[in-house]
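Taking the working numbering, I'd label the letters of the sequence shown as residues 124 to 244. Glycine is no exception: its CB is placed at the ideal position from the N, C-alpha and C atoms. All of these numbers come straight from a predicted model, not from anything done at the bench. Structure first, commentary second.
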Amino acid sequence: MHQRIADSVWMGFMRGDYDVAVFQAMKAVEVSVRQASGLPDALLGVSLMRKAFDPENGPLTDPTAEKGEREACSALFAGAIGMYKNPQSHRDVNLDNPSEAAEIIMLANNLLRIVDARRKS
């Protein structure tokens, strides 16, 4: 598991706090994207993802990828944050399925690895 989420997210998951673990994992993605992209704190959530991975000039877009792949990457990040982080920021989601929580956490893990790869390139 990615070092950014290994301890805190895993502990929450093991306690059965699945919604908290998922929120922490996706929040780590948002924070990592902001840090890697250098975009301002005022940009949040889906807007931040779309700006950071803008297919034409986003600081984290892969200019060597095909345009459709760049668009898909932007949609992947925006969709993940919009679906799994934003709702928990605004209301109780009450996620009680450990399998679903683990799948979402692994998605966050993969997104963090993508950010790391873009940061290094």
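Report all residues from its chain with a CB closer than 7 Å to the CB of Glu-194; omit the five preceding and five following residues, and keep chain order.
The beta carbon of Glu-194 is closer than 7 Å to those of Pro-178 in its chain, skipping five residues each way along the sequence.
Suppose the cutoff is 8 Å on Cβ atoms and the five residues either side in sequence are ignored; what does the same chain contact list for Gly-161 look like?
Excluding residues within five positions, the ones whose Cβ falls inside 8 Å are Pro-182.
Rounded separation between Ala-188 and Cys-196 - CA only:
Roughly 10 Å between the two C-alpha positions.
Pick helix, strand or coil for Pro-221, following the three-state DSSP scheme.
Helix at Pro-221.
Can you name, in chain order, every residue of its own chain whose Cβ lies under 7 Å from the Cβ of Lys-174, other than the five neighbours on each side?
If you ignore the 5 residues before and after Lys-174, its C-beta comes within less than 7 Å of the C-beta of Leu-162, Leu-166 and Gly-181, all in its own chain and listed in chain order.
Verify whether the separation of the beta carbon atoms of Gly-135 and Gln-126 is less than 8 Å.
Their beta carbons are not under 8 Å apart, which means Gly-135 does not touch Gln-126 by this criterion.
Please report the residue range of the alpha helix (DSSP H) in which Lys-208 lies.
No alpha helix (DSSP H) holds Lys-208; DSSP gives it neither H nor E.
For Leu-94, report the span of its alpha helix (DSSP H) as first-last.
Nothing about residue 94 can be read from this structure; the chain reaches only from 124 to 244.
Coarse secondary structure for Asn-232, derived from DSSP in three states:
When DSSP states are grouped into helix, strand and coil, Asn-232 belongs to the helix group.
I need the DSSP call for Asp-185, collapsed to helix, strand or coil.
Shown here, Asp-185 sits in coil according to DSSP, grouped into three states, outside any helix or strand.
Would you grab the beta carbon distance between Val-132 and Leu-234 for me? Rounded to a whole angstrom, and I think it's under 8 Å.
Contact between Val-132 and Leu-234 is ruled out by a C-beta separation of about 13 Å, above the 8 Å threshold.
Below 8 Å CB to CB, which residues in the same chain sit around Ala-225 once its five sequence neighbours on both sides are set aside?
Cβ contact annotation for Ala-225 (same chain, cutoff 8 Å, sequence separation greater than five): Phe-136, in chain order.
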